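Residue numbers (our numbering): 93 to 203.
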């Protein structure tokens, strides 16, 4: 799924350099909550470096989401495309076979 970096997450005087607002093309807050926990990747078009992040919450009521990246993205990433990856499912633990009930051994009586 593709998305676009809209802006840094910021206040009137302060901005947080690792937090970004991403437009994933959704139209409601409910749809945006389904993306929480998914991974986001921004690929630098020149050096081909990849900076990974994670969607942490929704932002507003129009389907925007907040993403926190490992490192801060450069300013050229604003209005640039990001890739939203599907969640990686953890490998299921190996199940041990259930032991079957064994028939009790018959003990011969001595005469």
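Where a beta carbon is used, it is the ideal one built from N, C-alpha and C, also for glycine. Computed from a predicted model, the values in this text were never measured in an experiment.
Assigned exposure category for residue i - 16 Cβ within 10 Å defines buried
| i | result |
| --- | --- |
| residue 124 | buried |
| residue 102 | exposed |
| residue 155 | buried |
| residue 142 | exposed |
Alpha carbon of residue i to alpha carbon of residue j, nearest angstrom
| i | j | result |
| --- | --- | --- |
| residue 129 | residue 147 | 5 Å |
| residue 116 | residue 93 | 8 Å |
| residue 120 | residue 144 | 25 Å |
| residue 169 | residue 100 | 10 Å |
| residue 127 | residue 138 | 28 Å |
| residue 173 | residue 105 | 26 Å |
| residue 98 | residue 171 | 6 Å |
| residue 159 | residue 107 | 14 Å |
| residue 176 | residue 149 | 14 Å |
| residue 151 | residue 157 | 5 Å |
| residue 133 | residue 122 | 23 Å |
Enclosing beta strand (DSSP E) for residue i [first to last residue]
| i | result |
| --- | --- |
| residue 101 | 94-102 |
| residue 174 | 173-176 |
Cβ distance (whole Å) where residue i is taken to contact residue j below 8 Å
| i | j | result |
| --- | --- | --- |
| residue 112 | residue 161 | 7 Å |
| residue 110 | residue 164 | 5 Å |
Paired residues, beta bridge with residue i - DSSP
| i | result |
| --- | --- |
| residue 131 | 146 |
| residue 158 | 113 and 149 |
Residue i - containing alpha helix (DSSP H), residue span
| i | result |
| --- | --- |
| residue 124 | 121-125 |
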